[in-house]
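Notes follow once the structure below has been shown.
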Amino acid sequence: TTALSGLTLVANADRTSLMAGVDGVQIIRNHCDLEDIVTGNASNTDGTSTQVIAASGDAAIKIYLTRITLTNTSATFAYVEIKDGTTVKHTVPVPATGGATVAFDPPIPGTANTAWNFDPSAATTTMICSATGFKSKV
Numbered sequence: 036t037t038a039l040s041g042l043t044l045v046a047n048a049d050r051t052s053l054m055a056g057v058d059g060v061q062i063i064r065n066h067c068d069l070e071d072i073v074t075g076n077a078s079n080t081d082g083t084s085t086q087v088i089a090a091s092g093d094a095a096i097k098i099y100l101t102r103i104t105l106t107n108t109s110a111t112f113a114y115v116e117i118k119d120g121t122t123v124k125h126t127v128p129v130p131a132t133g134g135a136t137v138a139f140d141p142p143i144p145g146t147a148n149t150a151w152n153f154d155p156s157a158a159t160t161t162m163i164c165s166a167t168g169f170k171s172k173v
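Here the sequence shown stands for residues 36 to 173, where the numbers follow this note's numbering.
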């Protein structure tokens, strides 16, 4: 398969088959196959909500967030809300001239076809957000 997110889901009591990615490797990786990984990187200086991972473009596909890294180049402490669209899912303190990395295990599920955003608590010189996740129909 080219992506697990493209397969039809099984129903209760259905038989399942082993799956392999397009590289021929049986899928035993954490959370997803390589074809379903999504990433994003964005910066903000005005303290408003900013998209870091775009919506999937498919009403049946959710994006699960697995890791974020935040960098604060400002001399001002801030916190950052991680949002599924406009819904706050996690808040991270980000020290002045510092940063934070958060790994989510289990991953945080997003709403189908909705972007992930980061929203700094205040304007800063620059707040940078890097995010990684994966697409899924579940």
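Note that the Cβ used here is the ideal one computed from N, Cα and C, for glycine as well.
Computed from a predicted structure; not experimentally measured.
- Between the C-alpha atoms of residue 159 and residue 84 there is a straight-line separation of about 13 Å.
- Positions of the beta strand (DSSP E) runs, each at least 3 residues long and wholly inside the segment 68-108, are given as 72-79, 85-88, 97-107 in order along the chain.
- Taking every protein chain shown into account, the CB of residue 81 has fewer than 16 other CB atoms within 10 angstroms, so this residue is exposed.
- Collapsing the DSSP output to three states places residue 134 in a strand.
- Within a 10 Å sphere around the beta-carbon of residue 131 sit fewer than 16 other beta-carbons, which makes this residue exposed.
- By a beta-carbon distance limit of 8 Å, residue 166 does not contact residue 69. Their separation comes to about 17 Å.
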